[in-house]
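At the far end of the sequence shown sits residue 142, using this note's numbering, and the numbering has no gaps.
Glycine residues also receive a C-beta, built at the ideal position from the N, C-alpha and C atoms.
Shown next, in structure tokens, is the structure this report addresses.
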Amino acid sequence: MAIKTQAITQTELIPAAPSQVFKALTDPQLHTAFTGAKATGEPKVGGQFTAWDNYISGKYLDLQEGKRILQEWRTSTWPEGYPPSILEFKFKQKGKNTEVTMVHSQVPSEQAEDYAKGWVTHYWKPLKAFFGKK
């Protein structure tokens, strides 16, 4: 069986500085605060993490404060035999906001549509609301 994957690319404007958005995505306490689901982990290269009450797990491959996050990423419903996906966030200052470009590659094709919707519902909307309150 050939493994079919695809990439999801999304760009969002978040009402916060790049360093704040970076921290919200890597600090387990802030991640838990904006998603409402438990996150764990150590934000350092090689560090492991979980999010959404262990639904998501992975490893940090690269961290550049306020600029870039690169992770291996999978979920508890990941199809057997598939390698982890690669998730990259890039941050760019846009006035008082941060433009976040996310490229989620090597996603199993049969799950890509659900994950694309999930990023909007479970990350972008709560992140905007979280920083919108501050």
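Under the three-state reduction of DSSP output, Glu107 falls in the strand class.
Short of 7 Å from the beta carbon of Tyr90, and not among the five residues preceding or following it, lie these beta carbons of its own chain, in chain order: Ile11 and Pro116. At a cut-off of 4 residues, the continuous stretches assigned as alpha helix (DSSP H) that sit fully inside the stretch 35–96 are 36–43. As a beta-bridge residue in DSSP terms, Phe99 pairs with Val108. In the structure shown, the three-state DSSP call for Pro116 is strand. When rounded, the separation of the alpha-carbon atoms in Thr34 and Phe57 is 9 Å. By the neighbour-count definition (other C-beta atoms within 10 Å, threshold 16), Ala47 is a buried residue. As DSSP reads the structure, Thr129 sits in no beta bridge.
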